[in-house]
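Position 270 (the sequence shown) corresponds to 269 in numbering that gives the first Met the number 0; numbering is contiguous.
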Amino acid sequence: MNGTFLLARRHLWHHRWRSAVLVGCLTLTFLLPVGLQFFSTHLEARLTARANATPLVVGAAGSQLDLALHALHFRGQPSRETTMAESNRISEGGLAKSIPMLVRFKAEGWPIVGTTTDYLRLRKLKVAKGHSWKRRGDCLVGATAAKQLNLEPGDGLMTEPENVFELDGSFPLRMRVAGILSESDSPDDNAVFVGLETAWIIAGIGHGHAASRKREMPDASSNSKATGEADVPMHDASLIEYTEITEENAGSFHFHGDRNSFPLTAILAVPHDEASETLLLGRYLSDDDPAQIIRPVEVIDELLTMVMRIRQLFELAFASMATITAAMLALFVVLTVQLRQREFATMFRIGCGRFMIIRLVGSELLLLFVISSLATMLIAIAFTFAVPRLSSLLA
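Structure below.
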């Protein structure tokens, strides 16, 4: 038997490029369903864990899926916004703790989450460097965002305007990085957290004295650390005008209008007990209610059901691919036997039987399967380290 494997190994090595193509085809056939299983399982666990940690979400009536993805993963925007009055409606009843959220703006591509310290406690977010926000204009940066932007406590981070063509007089806000959050392996790592009042200032609802307005020279090679406040003419069109809240002008920032009308994009509701949850759900049964309440677990379960159906289609495609690969291998065996007639005839002349030829071809196929399986295992092991990063892009 050792001699058979020796001949099979030598033959495969002699035709190494053909063998490599066969190994590649087999590896892909094995790897694609394995990779899909790894990825879908990890993504499902990630989505479910986030939803389980969020009892209820309240927002303007509309798509439940949009509201769930927005409140849990800061993705997309609800079709309509709700107001602070809805948050007060939840907390005043004494049935649940209300955690308001305004997720509408970005800072250098990362979502800005305007909320309260109750959100940090709910998600069990810890400050790794620096401290939590102390005044308006402070922000806490998620671990991944801080690493990508190379930020440290005390640095500056500029917000992005919602519309580059807006002419309403509002300017970007240069926030002070108060602290860097510990890594949580969740969407919170990819966000910038500010107090709710800071978010309203970014929205243009709150403002301070004009002295807080500054200008900086844009520099494509610099990051958010550089303020670029050089002694440059104030009429230079290349300058970026922005607002900054400092210790000196923090007291001058104020809000006009009724706070109950201030915008929110979502509200996390944390009931005190099961009975309170049932009563709170009953408040939103009316079809005429401008707000809706959802259980994120139920919405995510519906989403995962759709994902499972799509995965079944992929599995059918993989089954078809496996059938094609098996047919290709069968063709390979037939062609190999035909092309090696002279070789096999020589083996017959030196005393090898027909069973020896079958063992030789079988050994070659077995070696191909073993090499493909080892390659699949190695790639799968590497994939286990890449799956969390890949799934974080979706969840």
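Beta carbons are placed, not taken as given, at the ideal position from N, Cα and C, and that holds for glycine. Being a predicted model, the structure only gives us computed values, none of them experimental.
Pop quiz: residue i and residue j are said to be a contact at Cβ under 8 Å. What is the actual Cβ separation, rounded to whole angstroms?
i	j	result
R135	G194	7 Å
A265	L42	Actually they do not touch by this definition, with Cβ atoms about 22 Å apart.
P54	A268	7 Å
T28	T324	5 Å
T375	V33	6 Å
I179	A249	Not quite, the Cβ-Cβ distance comes to about 22 Å (not below 8 Å), so this is no contact.
F343	I356	5 Å
Would you tell me roughly how many angstroms separate the C-alpha atoms of residue i and residue j, rounded to the nearest one?
i	j	result
F4	E363	8 Å
S183	M83	28 Å
M424	A48	Because the chain is modelled from 0 through 394, residue 424 falls outside the range shown and cannot be assessed.
M174	L31	45 Å
L279	A60	16 Å
G205	L172	12 Å
L6	I349	15 Å
G203	V140	22 Å
D188	H13	52 Å
F104	G93	31 Å
S185	Y118	14 Å
A144	P110	10 Å
V296	S62	15 Å
V191	S97	20 Å
A229	L150	Reliability of the predicted coordinates at A229 is poor, the pLDDT of 43 falling under 50, and the value obtained from them is presented with this limitation in mind. C-alpha separation (whole angstroms): 21 Å.
T322	E80	51 Å
I380	E246	52 Å
P160	K125	29 Å
G129	P77	33 Å
L334	R308	39 Å
T345	R15	23 Å
L396	F37	Residue 396 falls outside the range modelled here, since the chain spans only 0 to 394, and no answer is possible.
T158	S86	25 Å
D287	G281	14 Å
S319	V112	46 Å
V102	F73	7 Å
R122	P99	14 Å
S221	Q147	Reliability fails at S221, whose pLDDT of 43 lies under 50, so the model's placement of it is uncertain and the value that follows must be treated cautiously. Cα to Cα, S221 sits roughly 13 Å from Q147.
P152	S181	13 Å
Run the proximity test for residue i: is its beta-carbon closer than 7 Å to any non-hydrogen atom belonging to the ligand ZN?
i	result
V336	With respect to small molecules bound, the structure shown includes none, and the ligand ZN cannot be examined in it.
According to DSSP, is residue i part of a helix, a strand, or is it coil?
i	result
C351	coil
E276	helix
F192	strand
H13	helix
G178	strand
F254	strand
L334	helix
I204	coil
R339	coil
P270	strand
P171	coil
L263	strand
I292	strand
E80	coil
T197	helix
E243	strand
Once you ignore the five residues that flank residue i on each side, which residues in its own chain have a CB closer than 7 Å to its CB?
i	result
I299	L46, T47, A50, A67
R310	L35, S39
G75	D65, L68, H69
F313	L35
R358	T3
F382	G34, F37
A44	none
Using C-beta distances below 8 Å, list every residue in its chain close to residue i, excluding the 5 sequence neighbours before and after it, in chain order.
i	result
V332	V360, L364
V283	First, the residue type needs correcting, since residue 283 is Tyr and not Val in the sequence shown. Excluding sequence neighbours, Y283 sits near V57, A290, Q291, I292.
L366	F4, A7, R8, L11
S260	T82, M83, A84
C138	A106, I111, W132, L156, M174, R175, V176, A177, V191, F192, V193, T197
C24	T324, M327
A142	A127, I179, L180, S181, E182, S183, D188
Might you give, ordered along the chain, the residues of its own chain that have their beta carbon closer than 6 Å to the beta carbon of residue i, omitting 5 neighbours on each side?
i	result
E276	P270
I244	R135, G136
A209	Only weak support exists for where A209 lies, its pLDDT of 49 falling under 50; the value from the coordinates is given anyway. The answer is none, since no qualifying residue turns up.
I370	V22
W132	A177, G194
I201	F104, T158, L172
> Along the chain, which unbroken stretches of the alpha helix (DSSP H) at least 4 residues long are found entirely within the region 26–77?
Replying inline: Those alpha helix (DSSP H) runs which fall completely within the region 26–77 and span 4+ residues are 63–72.
> What alpha helix (DSSP H) runs, 4 residues minimum, are completely inside the region 133–166?
Replying inline: Within the region 133–166, the complete alpha helix (DSSP H) runs of at least 4 residues are 142–148.
> Curious, which full-length alpha helix (DSSP H) runs of at least 4 residues does the region 87–121 contain?
Replying inline: As for any alpha helix (DSSP H) of minimum length 4 sitting wholly inside the region 87–121, the runs are 116–121, ordered along the chain.
> What are the start and end residues of each continuous beta strand (DSSP E) run of 3 or more residues lying completely inside the region 350–379, in chain order?
Replying inline: Within the region 350–379, there are no complete beta strand (DSSP E) runs of at least 3 residues.
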